[in-house]
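The working numbering numbers the first residue of the sequence shown as 84 and each following residue consecutively.
Heads up, the beta-carbon is just placed ideally off N, CA and C, and yes, glycines get one too.
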Amino acid sequence: MRIAVLAYGTRGDTQPCMILARMLAAAGHDVIFGATGDARAASERLGLQYAPISGDARALMESAEGQRMLAAGSVLTMARRMAAYIHDITDEVDRDIQAICADRELIIAHMLIADRAASVAERHGQRLMVLMTVPVVPT
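In C-alpha cells, the structure reads:
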C-alpha cells in the first residue's frame, strides 16, 4: 500500500510518527514521511523517504511565547497555539501536503495537522487515519 505519514510539531510529536512510518515500511509498504525540516535528519537516519512540510514548530516552542506555554504546562494551550500557527501558513502547508499525498492510498496524520490532511484526503477521495499522541478527545 502507498502510505503518507504526516507529522507536525516538535520531536515529541514527530518521533512517534517516524517510528510508525518505519514499521510500515519494514512491513513492505511504500511509505513517505512528511514533516517540518527539523525532522529531516532523524527520518533519513531511519531510512525513511522524507518530504518537507512548511513551518518550524521548534522555533515557535523555543520562542519566548513557547517557553511561557511550556512553563504553564497546558498541553491543550500548546495544541491550540500550534493549530493557530499552522492556520497562518495554511496555503503553504496545504500545497506541501497535496504534493506529498498525491499518489497515496492512505494518509496517516498526526493530530496537529489532521485538519489540513483531512481537506486533502476529502478532495482526492483518499482514506485518512488520525494519530492521536495525547488524549484530547474522548474514546
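With 16 other Cβ atoms within 10 Å as the buried cut-off, status of residue i
| i | result |
| --- | --- |
| Arg199 | buried |
| Gln150 | exposed |
| Thr93 | buried |
| Arg303 | Not covered by the structure: residue 303. The range shown for the chain is 84 to 222. |
| Tyr159 | A small fix is needed here, since residue 159 is Leu in this sequence, not Tyr. Classification for Leu159: exposed. |
| Arg163 | exposed |
| Arg206 | exposed |
| Val217 | exposed |
| Ile102 | exposed |
| Asp174 | exposed |
Residue i and residue j closer than 8 Å at C-beta
| i | j | result |
| --- | --- | --- |
| Ile169 | Gly138 | yes |
| Leu211 | Ala192 | yes |
| Ile196 | Ala87 | no |
Bridge partner(s) assigned by DSSP for residue i
| i | result |
| --- | --- |
| Gly117 | Leu89, Ala134 |
| His193 | Leu214 |
Supposed contact pair residue j and residue i - C-beta distance, whole angstroms, cut 8 Å
| i | j | result |
| --- | --- | --- |
| Met215 | Met194 | 5 Å |
| Glu188 | Met84 | 5 Å |
Stretch-stretch touch, CB-based, cutoff 8 Å, three pairs: the segment 118-125 with the segment 150-163: no
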